[in-house]
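Enquirer: Following this message is one structure expressed as structure tokens.
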Amino acid sequence: MRILFIGDVVGRPGRRALRRLLPEIQDTHSPELTVVNAENAAGGFGVTAEIVDEFLASGEIDLLTSGNHIWDKPEGTNHC
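Each number in this note's numbering comes from the position in the sequence shown (counting from 1) with 6 added on.
What follows is the structure, given as structure tokens:
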């Protein structure tokens with residue numbers, strides 16, 4: 007199984023880069039599963055429900071992971 011794991015997407019610049027680069031990376035490597043660490047996606051501190059929706063709505067991301075910063079914005083955990 008080919009898995010693509012993207013570590014620590016940080017803030018708006020990281021989300022913008024992910025949107026721009028992920029399709030090309032997936033085309034090149036043809037992963038069966040794409041995993042993204044989203045724990046710093048909201049300005050470097052946690053993740054919001056809106057950002058979770060943004061990531062998953064693209065259809066390009068299969069699974070989101072997190073770490074200790076997930077608790078900086080606990081509303082994101084209720085949405086997952």
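Glycine is no exception: its CB is placed at the ideal position from the N, C-alpha and C atoms.
#1: Looking only at its own chain, which residues have a Cβ that is under 6 Å from the Cβ of L69, when we skip the five neighbours before and after it?
#2: Let me know if L24 comes out buried or exposed under the rule of 16 or more other beta-carbons within 10 Å of its beta-carbon.
#3: Counting C-beta neighbours from all protein chains within 10 Å, is the total for A89 16 or more, i.e. buried, or is it exposed?
#4: Are the beta-carbon atoms belonging to V15 and G50 less than 8 Å from one another?
#5: Going along the chain, which residues of its own chain have a beta-carbon closer than 7 Å to the beta-carbon of I67, five neighbours each way excluded?
Expert: In terms of the structure at hand:
#1: Locating residue 69 in the sequence shown gives position 63, where the first residue counts as 1. These residues qualify, in order along the chain: V41.
#2: Here residue 24 is taken as the residue at index 18 of the sequence shown, counted from 1. The residue in question, L24, is buried, as its Cβ has 16 or more Cβ neighbours within 10 Å.
#3: Outside the modelled stretch of the chain, which goes from 7 to 86, sits residue 89, for which no answer is possible.
#4: By one-based count along the sequence shown, residue 15 stands at place 9. By one-based count along the sequence shown, residue 50 stands at place 44. No; because the gap between Cβ atoms is not below 8 Å, this pair is not in contact.
#5: Numbered from 1 along the sequence shown, position 61 holds the residue referred to as residue 67. So the list reads T40, V42, F61, once near-sequence residues are dropped.
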